[in-house]
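When the count follows my numbering, it moves up by one through the sequence shown with no breaks and lands on 266 for the last residue.
In this text, a Cβ means the ideal position worked out from N, Cα and C, and glycines have one as well.
Structure first, then comments.
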Amino acid sequence: MLIKNRSATQAINKRYIYAQDGQLLLSKQGDWLHNNTSKMAYADWFPEPLLVAEWAGEDIYLEVIAEHLETSLTPYHGRKMMSQLTGTETDLLGRALQLSHWLKDHQYCGRCGHSNKLLQGEYGMVCPACEYKQYPRLSPCIIVAVNGPNGVLLGHNKRFPVGRYSVLAGFVEAGETVEAAVHREVFEEVGISITNLRYIDSQSWSFPHSLMLGFLADYKAGEIVVDKTEIDHADWFRQDNLPDLPPSFSIARQLIELALKKQTKA
């Protein structure tokens with residue numbers, strides 16, 4: 001996926017992603033990529049079609065439709081759509097959704113409160129009054145699958161659906177390395193210490209602006225004691241007793257499957 005920044009008038013082959021009130025708008029055929037501009041009123045904070053990427057020989061633009069405007073299109077949650085896509089399509093849609101969140105959340109200057117304007121030639125906002133610049137927010141977040149003698153450590157977060165379990169995750173704090181964040185989050189949430197930390201992969205998680213940094217680790221010491229603030233239950237799971245897991249496109253699921261493979265080989 002080649003990312004470019006230029007005005008919409010310079011593109012030749014164009015397709016469009018429509019968003020409204022935090023959701024995608026699908027065609028009657030269920031398509032999330034549209035062949036033509038929506039020709040609908042934009043949200044008051046969205047100035048013009050925004051180039052998201054060059055993909056498959058076409059330029060892909062984002063259009064954010066006014067929130068209370070009635071349309072013949074079908075609202076659809078972006079996360080649900082991403083679970084149905086693969087590879088570059090997932091990255092493309094995630095990028096569009098993240099830019100949409102960013103534009104809405106940065107309408108005004110964080111320094112003086114004046115209305116921001118889009119920078120030309122890059123993804124950024126600038127304040128005409130004090131010239132303060134802001135760029136798309138990225139929040140680094142660690143996520144780790146811990147292997148132990150009795151399986152892979154999975155926890156149920158209070159925000160999860162009933163029965164859904166996943167690996168542990170948390171945001172990196174100011175002044176903290178990602179490695180330190182992994183050790184801290186695991187100890188804070190379930191009370192155990194870990195060792196043999198290995199970085200595996202990353203994933204942009206556009207709900208709304210996380211950058212997930214994935215690790216594997218091994219159990220070192222301690223008994224599971226959940227914090228009751230975020231995690232209300234955690235346990236060790238093997239392949240034959242797995243609970244409901246995150247969707248397959250998520251890095252959480254990929255880490256779980258990798259950890260289970262290592263359990264099988266052990």
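Item: Looking at chain C, is there any beta carbon in it that lies within less than 8 Å of the beta carbon of Tyr135?; Value: Of the chains in the structure shown, none is chain C; there is only one protein chain.
Item: According to the Cβ coordinates, are Leu26 and Ala145 closer than 8 Å?; Value: no
Item: Measuring straight from C-alpha to C-alpha, what distance separates Glu89 and Gly121?; Value: 24 Å
Item: Do the segment 30-46 and the segment 65-74 meet, that is, are 3 or more Cβ pairs less than 8 Å apart?; Value: yes
Item: Do you know offhand how far Pro136's Cα is from Ser100's?; Value: 10 Å
Item: Compute the Euclidean distance between the alpha carbons of Asp21 and Ala96, then round it to the nearest angstrom.; Value: 14 Å
Item: Below 6 Å CB to CB, which residues in the same chain sit around Thr74 once its five sequence neighbours on both sides are set aside?; Value: Leu26
Item: So if DSSP puts Gln134 in a beta bridge, which residue, or which two residues, is it bridged to?; Value: Met125
Item: Can you give me the Cβ contacts of Glu230 inside the same chain, cut-off strictly under 7 Å, excluding the 5 residues immediately before and after it?; Value: Asn157, Lys158, Glu189
Item: Can you tell me which residues form a DSSP beta bridge with Thr88?; Value: According to DSSP, Thr88 bridges with nothing at all.
Item: Name the one or two DSSP bridge partners that Asp21 has.; Value: Answer is none; Asp21 lacks a bridge partner.
Item: Identify which residue in Gly124, Pro128, Tyr123, Leu103 has its Cα closest to the Cα of Ser115.; Value: Pro128
Item: Going by the DSSP bridge assignment, what does Met212 pair with across the sheet?; Value: Cys141, Gln203
Item: Between which two residues does the beta strand (DSSP E) carrying His233 extend?; Value: 231-237
Item: Quick check on DSSP: helix, strand or coil for Ser83?; Value: coil
Item: Can you grab the Cα-Cα spacing for the pair Lys14 / Ile60, in whole Å?; Value: 6 Å
Item: Could you tell me whether the segment 214-229 touches the segment 185-203, where touching means 3 or more Cβ pairs closer than 8 Å?; Value: yes
Item: Going straight from the alpha carbon of Gln239 to that of Leu260, what length do you get?; Value: 7 Å
Item: Give the secondary structure of Trp102 by DSSP, where H, G and I count as helix, E and B as strand, and everything else as coil.; Value: helix
Item: With 16 other CB atoms within 10 Å as the buried threshold, where does Ile256 fall?; Value: buried
Item: Does DSSP put Ile224 in a helix, in a strand, or in coil?; Value: coil
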